[in-house]
Amino acid sequence: MISLKTLSLRATNENNQLFFKGGKVAVKILQVFSHNALVAKSDNDESMVLVGKGIGFNKKKGDRINESAASEVYVESKKQQLGETQ
């Protein structure tokens, strides 16, 4: 289970569009919370919560969805101990 305390908001531009080095990212749905929120995983195993109007409507586990359809994306952040390097 993903804790909302370990998530950080991914930045968007003024038009609410998400930008990535590889272009648009399609993610696989792990769990649908409601019509407006779901948990997904990217191809590089990055877990995220996607929030947006109707983003979970008629969706089920295993479906693929474009991440840019979300108005907010919360990505699991990696916690780091003091003195550790990545």
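Counting from 11, one number per residue, gives the positions in the sequence shown under my numbering. Think of the CB as a built atom: it goes at the ideal place given N, C-alpha and C, for glycine as much as any other residue.
- The beta carbon of Ala-79 lies closer than 7 Å to those of Gly-62 and Ile-65 in the same chain, with the five residues before and after it left out.
- Ser-81 and Lys-88 have their C-alpha atoms some 23 Å from each other.
- Counting the other Cβ atoms within 10 Å of the Cβ of Ala-50 gives 16 or more, which makes it buried.
- Ranked by how close their Cα comes to the Cα of Met-58, the residues Ala-47, Asp-73 and Phe-67 have Ala-47 in first place.
- Under DSSP, Ala-80 forms no beta bridge with any residue.
- Bridge partners of Ile-75 according to DSSP: Val-37.
- The beta-carbon distance between Val-85 and Glu-56, rounded to whole angstroms, is 6 Å. This is short enough to meet the 8 Å contact definition.
- In the three-state reduction of the DSSP assignment, Lys-63 falls in the coil class.
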